[in-house]
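Numbering (the UniProt record's numbering), first residue to last: 1 to 108.
So the structure is just underneath, and the comments pick up after that.
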Amino acid sequence: MSEFVTVARVGAIAEGQGGTFQVGERLVAVFNRGGEYFAIDDLCPHMGASLGAGYMDAEGVVTCPWHAWHFSVCDGTWCDNPRIKIDAFETRVVGDEIQVRTTPTKAE
Ligand code: FES
Numbered sequence: 001m002s003e004f005v006t007v008a009r010v011g012a013i014a015e016g017q018g019g020t021f022q023v024g025e026r027l028v029a030v031f032n033r034g035g036e037y038f039a040i041d042d043l044c045p046h047m048g049a050s051l052g053a054g055y056m057d058a059e060g061v062v063t064c065p066w067h068a069w070h071f072s073v074c075d076g077t078w079c080d081n082p083r084i085k086i087d088a089f090e091t092r093v094v095g096d097e098i099q100v101r102t103t104p105t106k107a108e
């Protein structure tokens, strides 16, 4: 079980936006959805684009910036084929720090 790691301060990720952060050996895409933070694997499984640079809609669906595959920011589900998921990670806010733990939350 990995520990929570601070990735940014509250306010560093604008509402509706995302960013890419190094957490241990992984790159994690963290999004601010209505003031709540969600984290998924940054690496698009199609051809490796950075999902942190993707667009998130009001439903929490992240569109890959390269070829528009869609992923749920909540649990990493690939919206075009929900049987497949990318890793999603636990987040929390402690004081003014956004923290991520890279133990995947998905259960398969
Ligand atoms: S690299 Fe993400 S859809 Fe192609």
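Even glycine gets a Cβ: it sits at the ideal position worked out from N, Cα and C.
Quick caveat: nothing in here was measured; it's all calculated off a predicted structure.
With a 10 Å radius around its C-beta and 16 neighbouring C-beta atoms as the bar for buried, classify residue i as buried or exposed.
i: N81; result: exposed
i: G54; result: buried
i: G18; result: buried
i: A29; result: buried
i: I13; result: buried
Just to confirm, are residue i and residue j a CB contact at a threshold of 8 Å?
i: C74; j: G60; result: yes
i: I98; j: T20; result: no
i: A8; j: I40; result: no
i: V23; j: V94; result: no
With distances taken from CA atoms, which of the options is nearest residue i?
i: A58; options: E36, M47, Q99; result: E36
i: residue 109; options: L27, W66, V94, V10; result: Because the chain here runs from 1 to 108, residue 109 falls outside it and cannot be looked at.
Check residue i in the structure and name its three-state DSSP category.
i: G11; result: coil
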